[in-house]
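Participant: Each number in this note's numbering comes from the position in the sequence shown (counting from 1) with 6 added on.
Okay, here's the structure, questions in a sec.
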Amino acid sequence: MGGFFKRFFDVLVAGIALTVLTPLLLPVMLALRLTGEGEVFYRQKRIGFQNGTFGILKFATMLKNSPNMGTGSLTVRGDPRVTPLGHGLRATKLNELPQLINVLIGDMSFVGPRPQMQVDFDVYPPVVRERIYEVRPGVTGIGSIVFRDEERLLSRDGVDPREFYGDKIAPYKGALEMWYLDHHSLWLDAQLMVLTVHAVLRPESDLVYRRFPDLPPRPGWMDH
Numbered sequence: 007m008g009g010f011f012k013r014f015f016d017v018l019v020a021g022i023a024l025t026v027l028t029p030l031l032l033p034v035m036l037a038l039r040l041t042g043e044g045e046v047f048y049r050q051k052r053i054g055f056q057n058g059t060f061g062i063l064k065f066a067t068m069l070k071n072s073p074n075m076g077t078g079s080l081t082v083r084g085d086p087r088v089t090p091l092g093h094g095l096r097a098t099k100l101n102e103l104p105q106l107i108n109v110l111i112g113d114m115s116f117v118g119p120r121p122q123m124q125v126d127f128d129v130y131p132p133v134v135r136e137r138i139y140e141v142r143p144g145v146t147g148i149g150s151i152v153f154r155d156e157e158r159l160l161s162r163d164g165v166d167p168r169e170f171y172g173d174k175i176a177p178y179k180g181a182l183e184m185w186y187l188d189h190h191s192l193w194l195d196a197q198l199m200v201l202t203v204h205a206v207l208r209p210e211s212d213l214v215y216r217r218f219p220d221l222p223p224r225p226g227w228m229d230h
């Protein structure tokens, strides 16, 4: 029954949000069409519900060939592959708004484990790969909130982004998603949606750890 209500909520809110946000979406689409490489949307294959694949939608904020350039699927702070307009869209998370369409058609939910590209999914521990998409992936979730500043972590001096992601970020992010699967409910989803807004407005806040003290302990390397 909880799954039915979650899906009903997703469809209802996604439909309302697309209607309400149209006056914002249209100028963004026009600006993207007239700048950068002229691309409005970016579609990328991700791992989703029950480990199937789907095409995630985003506003185009990076160069077309960015997956084959530089750090590949990982984005670092000041990444030269990000277009000038893309920097603003990514900072405000407006680039994620097209995923409302993914929610509406059933590829995603508002809250759930963040969908990964195959190369990033493969570095999760086996137990995480087996369980993480028991529920639909989310536009936001506990991993997205905790790692809201992932680009900063990957941009540290002397850090190899791919190695750091595989050795440090992926295991902890996987543990966070397992915590979500063990506790998920409509009430938890509602709290995570509010905390997502808070994280965008105050990215330095540790409110998520104070609200959920039973989260896997925050690693010391996240604060350095």
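Don't be surprised by glycine CBs; every beta carbon is placed ideally from N, CA and C.
Computed from a predicted structure; not experimentally measured.
Grab me the residues of F47's own chain with a C-beta within less than 8 Å of its C-beta, minus the 5 sequence neighbours each way, in chain order.
Facilitator: These residues qualify, in order along the chain: L63, K64, F65, A66 and P104.
Participant: Which residue comes first and which comes last in the alpha helix (DSSP H) that contains I148?
Facilitator: Where I148 is concerned, the enclosing alpha helix (DSSP H) stretches over I148 to V152.
Participant: Going straight from the alpha carbon of V82 to that of G144, what length do you get?
Facilitator: Cα to Cα, the separation comes out at about 22 Å.
Participant: If you drop the 5 nearest sequence neighbours on each side, which residues of the same chain put their C-beta closer than 8 Å to that of M6?
Facilitator: The shown model of the chain, from 7 to 230, leaves out residue 6, and the question about it has no answer.
Participant: Would you mind working out which of P33, A196 and A176 sits nearest F127, comparing C-alpha positions?
Facilitator: It is A176 whose Cα lies nearest to the Cα of F127.
Participant: Considering F170, what are the terminal residues of the beta strand (DSSP E) in which it resides?
Facilitator: Note, F170: premise wrong, no beta strand (DSSP E); alpha helix (DSSP H) at P167 to F170.
Participant: DSSP three-state call for F55: helix, strand or coil?
Facilitator: In the structure shown, F55 sits in a helix (DSSP, three-state: H, G or I).
Participant: If the criterion is Cβ atoms closer than 8 Å, does the pair I53 and P121 meet it?
Facilitator: It is a contact, given that the beta carbons lie within the stated cut-off.
Participant: Y186 by DSSP, collapsed to three states: which one?
Facilitator: It is helical.
Participant: Are the beta-carbon atoms belonging to V125 and S79 less than 8 Å from one another?
Facilitator: Their beta carbons are under 8 Å apart, which means V125 touches S79 by this criterion.
Participant: In terms of residue numbering, what span does the alpha helix (DSSP H) encompassing V200 cover?
Facilitator: Where V200 is concerned, the enclosing alpha helix (DSSP H) stretches over L192 to L207.
Participant: Do you know offhand how far F218's Cα is from I138's?
Facilitator: So the alpha carbons of these two residues sit roughly 20 Å apart.
Participant: Would L194 pass as a contact of P222 if the rule is Cβ separation under 8 Å?
Facilitator: Contact: no.
Participant: Roughly how far, in whole angstroms, is the beta-carbon of L213 from the beta-carbon of L201, given that I think they are within contact range, below 8 Å?
Facilitator: About 7 Å; that satisfies the 8 Å criterion.
Participant: Please classify F60 as buried or exposed, where buried requires at least 16 neighbouring CB atoms within 10 angstroms.
Facilitator: By the 10 Å Cβ count, F60 comes out buried.
Participant: Here's the rule I'm using: 16 or more other beta-carbon atoms within 10 Å means buried, otherwise exposed. How should H93 be labelled?
Facilitator: That one is exposed.
Participant: Measure the Cβ-Cβ separation of V134 and G180 and say whether it is below 8 Å.
Facilitator: It is a contact, given that the beta carbons lie within the stated cut-off.
Participant: What first and last residue would you give for the alpha helix (DSSP H) that runs through V133?
Facilitator: Looking at the DSSP string, the run of the alpha helix (DSSP H) that includes V133 is P132 to R137.
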